[in-house]
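Undergrad: Residue numbers (the numbering used here): 14 to 310. From the three backbone atoms N, C-alpha and C, an ideal C-beta is built for every residue, glycine too.
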Amino acid sequence: MHTAATVSPLSLGQRLAAFGHLCKPRVNSLIVFTAMIGMCLATPDFPPLLRFIVAALGIALVSFAAAALNCLVERTVDAKMARTSWRATARGDISPLETISLATALGAVGLWLLHTYINDLTMWLTLATFVGYTVIYTLILKPATPMNIVIGGASGAMPPLLGWTAMTGVVSAEPLVLFLIIFLWTPPHFWALACYRRDDYARSGLPMLPVTHGIAFTCQHILWYTVMLAAASLIPVSLGMSGTFYLIAISLLDLVFLGYAIALCRNYSDALARRTFRYSILYLTLLFAALFIDRLF
Ligand code: HEM
Ligand SMILES: CC(C)=CCC/C(C)=C/CC/C(C)=C/COP(=O)(O)OP(=O)(O)O
């Protein structure tokens with residue numbers, strides 16, 4: 014077992030793979046997907062391809078940097094949890110200096126792309142998102158309060174808005190609705206995971222809601238947030254952003270999510286919480302896909 018102080022030799026391939034994992038590619042692929050849909054919704058026709066690619070790349074690079082710094086800050090906590098103890102920062106396979114260098118390089122290139130080829134509003138908002146996740150959420154809120162995710166989730170909700178400003182240079186009601194949807198989606202997404210991973214979180218010492226207030230209390234909050242999410246998910250229709258296809262799709266998606274949340278309250282099991290967490294990811298992916306498909310008609 015390595016400690017955070019020992020840096021073991023890795024082959025170049027292993028080192029690159031470890032760097033890649035620190036950037037949390039799976040979470041960030043959905044984050045960038047929501048940003049891309051934000052870009053598509055912001056432009057009447059498909060956005061100019063080069064601008065679309067550069068903006069997505071800029072946002073992705075800054076997200077990767079934020080994820081790598083999160084792994085660095087949390088390396089001691091990560092080492093205590095089964096889910097995260099394999100991370101190269103937790104194992105000590107990648108040193109803090111290497112992680113900071115990687116994150117600085119990725120973040121700097123990302124912000125430079127946004128500043129040079131997109132617009133300064135998007136660059137500043139992306140930087141604010143980065144600070145929101147690495148400083149406000151990771152450093153301040155996460156170790157301090159079980160409601161960490163409620164405020165911290167704002168950073169994960171920003172990408173569609175960033176995509177929107179990247180194409181238009183302005184913030185308007187539509188991207189704020191997309192922000193609201195992800196903002197309300199994040200607590201059920203995370204609390205479902207925190208429920209079935211509560212032993213991990215108890216070991217880590219992080220004050221996660223299922224550990225501090227119990228499963229029943231957390232499931233009630235999952236249900237309340239899912240109800241608010243379902244209401245917010247209908248706003249695109251009332252604003253005229255999307256039509257019948259989206260309405261049908263989101264109604265079905267909401268019914269299933271509410272079904273999971275009610276089932277968790279009535280008859281909790283770790284297996285059900287795990288399925289709810291997985292469904293939360295499918296829900297958000299399909300919601301954004303439905304917004305896009307609806308726009309094509
Ligand atoms: C600050 C807010 C968020 C927190 C605390 C959070 C928490 C987590 C955690 C702890 C995992 C790891 C699950 C595991 O290792 O098994 C996870 C997975 C995931 N999250 Fe989130 N999440 C947040 C926001 C988001 C956002 C905004 C998105 C997308 C728009 C997202 C998409 C995903 C995806 C796709 C996975 C699955 C990754 C995989 O399969 O490896 N999350 N989330
Ligand atoms: C554009 C830009 C800068 C976006 C950054 C937004 C961002 C990275 C959002 C958070 C998504 C995420 C990796 C959550 C993991 O939560 P966690 O850190 O609590 O999970 P962990 O326990 O797996 O570390």
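Following a CB-centred definition, is residue 96 positioned closer than 6 Å to any heavy atom of ligand 1?
TA: Flag set: Cβ of residue 96 near ligand 1.
Undergrad: Suppose you measure from the CA of residue 108 to the CA of residue 122; what does that come to, to the nearest Å?
TA: Computed Cα separation, rounded: 21 Å.
Undergrad: Mapping the DSSP letters down to three states, classify residue 63 as helix, strand or coil.
TA: If DSSP states are grouped into helix, strand and coil, residue 63 belongs with the helices.
Undergrad: Taking the CB atoms as reference points, tell me whether residue 151 and residue 224 lie closer together than 7 Å.
TA: Their beta carbons are not under 7 Å apart, which means residue 151 does not touch residue 224 by this criterion.
Undergrad: Mind checking whether the beta-carbon of residue 294 lies closer than 6 Å to any heavy atom of ligand 1?
TA: Yes - ligand 1 has a heavy atom lying nearer than 6 Å to the Cβ of residue 294.
Undergrad: What whole-angstrom Cβ distance do residue 180 and residue 60 have, given they're in contact under 8 Å?
TA: That pair is a contact at about 5 Å.
Undergrad: Is the stretch 56 to 74 touching the stretch 182 to 196, taking contact as three or more C-beta pairs under 8 Å?
TA: No: fewer than three Cβ pairs fall under 8 Å.
Undergrad: Tell me which same chain residues have a C-beta within less than 8 Å of the C-beta of residue 211, skipping the five on either side of it?
TA: For residue 211, where only same-chain residues beyond five positions count, the Cβ hits under 8 Å are 221, 223, 224, 228.
Undergrad: Given the structure, does residue 93 come close to ligand 2, in the sense that its CB is under 6 Å from one of the ligand's heavy atoms?
TA: No, ligand 2 has no heavy atom inside 6 Å of this Cβ.
Undergrad: Looking at C-alpha atoms only, which residue of 218, 255, 193, 76 is the closest neighbour of residue 146?
TA: Answer by Cα proximity: 76.
Undergrad: Between which two residues does the alpha helix (DSSP H) carrying residue 100 extend?
TA: Careful: residue 100 lies outside any alpha helix (DSSP H) and carries neither H nor E.
Undergrad: Which value, in whole angstroms, describes the spacing of the CA atoms of residue 226 and residue 217?
TA: Roughly 16 Å separates the two Cα atoms.
Undergrad: Any heavy atom of ligand 1 closer than 6 Å to the Cβ of residue 203?
TA: Yes, Cβ of residue 203 sits closer than 6 Å to a heavy atom of ligand 1.
Undergrad: Would you mind reading off the limits of the alpha helix (DSSP H) that contains residue 215?
TA: Residue 215 -> alpha helix (DSSP H) spans 211 to 217.
Undergrad: Does the stretch 100 to 117 touch the stretch 25 to 34, meaning 3 or more C-beta pairs lie closer than 8 Å?
TA: Yes, they touch.
Undergrad: Where do the N-terminal and C-terminal ends of the alpha helix (DSSP H) with residue 45 fall, by residue?
TA: Residue 45 -> alpha helix (DSSP H) spans 38 to 55.
Undergrad: Let me know if residue 280 comes out buried or exposed under the rule of 16 or more other beta-carbons within 10 Å of its beta-carbon.
TA: Residue 280 comes out exposed.
Undergrad: Quick check: does the Cβ of residue 39 come within less than 6 Å of any heavy atom belonging to ligand 3?
TA: The model depicted lacks ligand 3 and carries ligand 1 and ligand 2 instead.
Undergrad: Does residue 249 come out as helix, strand or coil in the three-state DSSP assignment?
TA: Helix at residue 249.
Undergrad: Inspect the beta-carbon positions of residue 301 and residue 47 and report whether they are closer than 7 Å.
TA: Yes; because the gap between Cβ atoms is below 7 Å, this pair is in contact.
Undergrad: Hey, residue 69 and residue 88: beta-carbon distance below 7 Å or not?
TA: No, these two residues do not count as a Cβ contact at 7 Å.
Undergrad: Among 93, 192, 101, which has the Cα closest to the Cα of residue 84?
TA: Comparing Cα-Cα distances from residue 84 to each of 93, 192, 101, the minimum goes to 101.
Undergrad: For residue 309, count neighbouring C-beta atoms within 10 Å of its own C-beta (all shown protein chains included) and say buried if the count is 16 or more, exposed if not.
TA: So residue 309 counts as exposed.
Undergrad: Would you check if the distance between the CB atom of residue 305 and the CB atom of residue 36 is smaller than 7 Å?
TA: In this structure, residue 36 does not lie closer than 7 Å to residue 305 by Cβ.
Undergrad: Taking 8 Å as the cut-off, does the stretch 195 to 207 touch the stretch 228 to 246 (at least 3 CB pairs, one atom from each stretch)?
TA: With a cut-off of 8 Å, the stretch 195 to 207 and the stretch 228 to 246 count as touching, because enough Cβ pairs lie within range.
Undergrad: Just the Cα atoms here: how many angstroms apart are residue 287 and residue 178?
TA: Residue 287 and residue 178: Cα-Cα distance of roughly 35 Å.
Undergrad: Taking the straight line between their C-alpha atoms, what separation do you get for residue 27 and residue 258?
TA: Rounded to whole angstroms, residue 27 to residue 258 spans 45 Å at the Cα level.
Undergrad: Whose C-beta lies closer than 6 Å to the C-beta of residue 171 among residues of the same chain, with five residues either side of it excluded?
TA: Once the five neighbours on either side are set aside, the close Cβ partners of residue 171 are 142.
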